[in-house]
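Protein chains: 2
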Amino acid sequence: MKYPNNIKKNYKKEINYKNRGMDLENLINDACKYYLEHDMAVIYKKPTPIGVVDVDYKNGAVINKAYFKEPSTLDYNGIYKGKYIEFDAKECVSKTSFPLSNIHLHQIKHIEHILKHGGIAFLIISMNSNYYLFKGDDLLHFIKDNKRKSIPYSLIQEIGYPLKFNYNIGIDYLKGIDEAYKGVGYFENTKN
Amino acid sequence: MKYPNNIKKNYKKEINYKNRGMDLENLINDACKYYLEHDMAVIYKKPTPIGVVDVDYKNGAVINKAYFKEPSTLDYNGIYKGKYIEFDAKECVSKTSFPLSNIHLHQIKHIEHILKHGGIAFLIISMNSNYYLFKGDDLLHFIKDNKRKSIPYSLIQEIGYPLKFNYNIGIDYLKGIDEAYKGVGYFENTKN
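Taken in order, these protein sequences are the chains called F and C. Going by this note's numbering, the first sequence opens with residue 13, and the numbers climb by one from there. Going by this note's numbering, the second sequence opens with residue 13, and the numbers climb by one from there.
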């Protein structure tokens with residue numbers, strides 16, 4: 013488990029990937045830190061939802077019993093160029109298709125809500141050693157128009173936006189957002 | 013502790029406040045649910061950040077030891093009329109002034125970041141049985157221009173925006189946002 017809210021004050025430009033996991037979540041957390049440190053976006057991983065059953069307040073509020081809860085929303089959210097951004101990171105083991113069972117029904121409803129209210133929602137899918145931004149809009153259309161229970165890799169390649177790994181950043185998903193949502197981020201209405 | 017991500021499917025329009033706490037967090041959580049159910053905004057309380065020390069995977073991933081972590085961001089965030097919204101709820105016991113020690117330094121930095129990137133950030137302060145929306149901009153100006161360690165209640169009354177309690181909603185803070193951030197929420201750039 014990672015707790016990305018602990019932003020390191022002295023961010024190292026070069027991250028040593030040799031001695032650590034190269035998993036999707038780490039690469040995205042690194043990018044979030046990089047973007048924050050370089051004032052490019054403010055995007056955090058939400059804390060893992062945990063149900064607390066028992067707390068020992070005598071010993072400084074130690075939690076003695078708790079359990080992991082199913083998330084209703086997506087893992088990451090924040091702001092980029094004045095726009096609300098929310099996304100989830102999904103590692104896909106299958107080489108041929110991305111199972112929709114990876115996404116909970118309430119997460120799909122949540123994506124619908126975000127889009128309806130003018131936000132940007134998407135998945136970052138890791139598959140066949142490639143990374144793709146798959147737009148929430150395309151996900152909803154696929155679910156609506158298909159009876160398939162998985163998205164073929166060929167379709168992800170076709171309509172997804174490839175994301176590049178960068179040694180300084182991690183997965184440089186802001187570039188993917190710029191590409192996928194052209195015209196994002198005019199600031200006409202940011203009066204506050 | 014509350015876990016607002018469990019949105020009830022059958023939302024009761026009339027909430028019985030007789031048998032429950034009327035504390036600020038409940039009243040805001042109720043409003044978030046109301047706004048979501050009525051498709052007015054998508055705003056959630058973030059899960060409480062918890063550091064997990066020990067998990068028993070043999071018995072279905074029961075957490076045996078964990079601790080509460082200090083939040084780096086504000087408690088609530090989401091989207092309203094296409095705008096990024098983030099805020100924190102603060103109950104103030106003092107009747108004369110709101111102590112700035114209620115807000116952590118990294119939360120102040122976070123407010124700065126949000127404003128810089130075109131988002132809306134504020135506090136909801138409960139004080140003397142009244143509720144106020146206090147803009148992040150005003151908070152940063154106060155901290156910059158004053159050596160005081162607390163905001164006088166008179167100033168909160170003067171430049172804050174009063175929020176009304178509504179039996180159907182809870183604390184109707186969207187009205188406060190409309191008032192405090194006039195012109196919020198044109199949708200010219202929501203192309204996704």
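The C-beta atom is built at its ideal place from N, Cα and C for all residues, glycine as well. Here the structure is a predicted model, which is why all the values come from computation and not from measurement.
Between C:56, C:83, C:164, which lies nearest to residue 140 of chain C when the distance is taken from Cα to Cα?
-> C:164
Beta carbon proximity, residue 99 of chain F to chain C, threshold 8 Å = no
Nonlocal neighbours in the same chain, by C-beta distance under 7 Å from residue 33 of chain F, ignoring five residues either side | Residue confidence for residue 33 of chain F is low, a pLDDT of 45 falling below 50, so the modelled location carries little weight and cannot support an answer.
With 8 Å as the threshold, decide whether the Cβ of residue 108 of chain C is near any Cβ in chain F.
-> no
Report all residues from its chain with a CB closer than 8 Å to the CB of residue 190 of chain C; omit the five preceding and five following residues, and keep chain order.
-> 196
Which chain F residues are close to residue 161 of chain C, counting only those with a beta carbon under 8 Å from its beta carbon?
-> Within 8 Å Cβ-Cβ: nothing; residue 161 of chain C doesn't reach chain F, min ~24 Å.
Of the choices C:152, C:137, C:60, whose alpha-carbon is the least far from that of residue 107 of chain C?
-> C:137
Considering only the beta carbon of each residue, do residue 123 of chain F and residue 133 of chain F sit closer than 8 Å?
-> yes
Within the chosen definition, does the stretch 141-156 of chain C reach the stretch 79-94 of chain F through at least 3 CB pairs nearer than 8 Å?
-> no
Keeping to the same chain, check which residues put their C-beta closer than 8 Å to that of residue 167 of chain C; ignore five residues upstream and five downstream.
-> 154
Closest Cβ-Cβ distance between residue 177 of chain F and chain C: below 8 Å?
-> no
Can you tell me the Cβ-Cβ gap for residue 112 of chain F and residue 161 of chain F, rounded? I've got them flagged as a contact below 8 Å.
-> 5 Å
Identity of the residue in C:86, C:69, C:179, C:178 nearest residue 116 of chain C by Cα = C:86
How many angstroms separate the CA atom of residue 68 of chain F from the CA atom of residue 40 of chain C?
-> 27 Å
State the beta-bridge partners of residue 175 of chain F as determined by DSSP.
-> F:143
What is the DSSP secondary structure of residue 38 of chain F, reduced to helix, strand or coil?
-> helix
I think residue 184 of chain F touches residue 135 of chain F, with their Cβ atoms under 8 Å apart; what is that distance to the nearest whole Å?
-> Between residue 135 of chain F and residue 184 of chain F the Cβ distance is about 16 Å, and since that is not below 8 Å, they are no contact.
Using DSSP with H/G/I as helix, E/B as strand and the rest coil, what is residue 113 of chain F?
-> helix
Can you tell me where the alpha helix (DSSP H) with residue 156 of chain C in it begins and where it stops?
-> 148-157
Chain-order list of residues whose beta-carbon lies under 6 Å from that of residue 194 of chain F (same chain, five-residue window excluded) | none
Reduced DSSP secondary structure (H/G/I, E/B, other) of residue 123 of chain F | helix
Is the beta carbon of residue 172 of chain C less than 8 Å from the beta carbon of residue 43 of chain C?
-> no
Straight-line gap, residue 90 of chain F to residue 96 of chain C (C-alpha atoms, nearest Å) | 8 Å
Is the CB of residue 79 of chain C under 8 Å away from at least one CB in chain F?
-> yes
Neighbour flag for residue 56 of chain C against chain F, beta carbons, 8 Å | yes
If you check the beta carbons only, do residue 88 of chain C and residue 56 of chain C fall under 8 Å apart?
-> yes
Paired residues, beta bridge with residue 67 of chain F - DSSP = F:75
Helix, strand or coil at residue 181 of chain F according to DSSP, with G and I counted as helix | coil
Counting contacts by CB-CB distance shorter than 8 Å, is residue 73 of chain F in contact with chain C?
-> yes
Answer yes or no: does any C-beta atom of chain C fall closer than 8 Å to that of residue 53 of chain F?
-> yes
Determine the chain C residues that contact residue 93 of chain F at a beta-carbon separation under 8 Å, and present them in chain order.
-> 129, 130
Min CB distance residue 153 of chain C to chain F below 8 Å = no
Nearest chain F C-beta to residue 50 of chain C closer than 8 Å, yes or no?
-> no
My guess is that residue 125 of chain C and residue 54 of chain F are in contact by the Cβ rule of under 8 Å, so how many angstroms apart are they, rounded?
-> 5 Å
Let me know if residue 192 of chain C comes out buried or exposed under the rule of 16 or more other beta-carbons within 10 Å of its beta-carbon.
-> buried
Since residue 98 of chain C sits in a beta bridge, which residues does DSSP pair it with?
-> C:89, C:133
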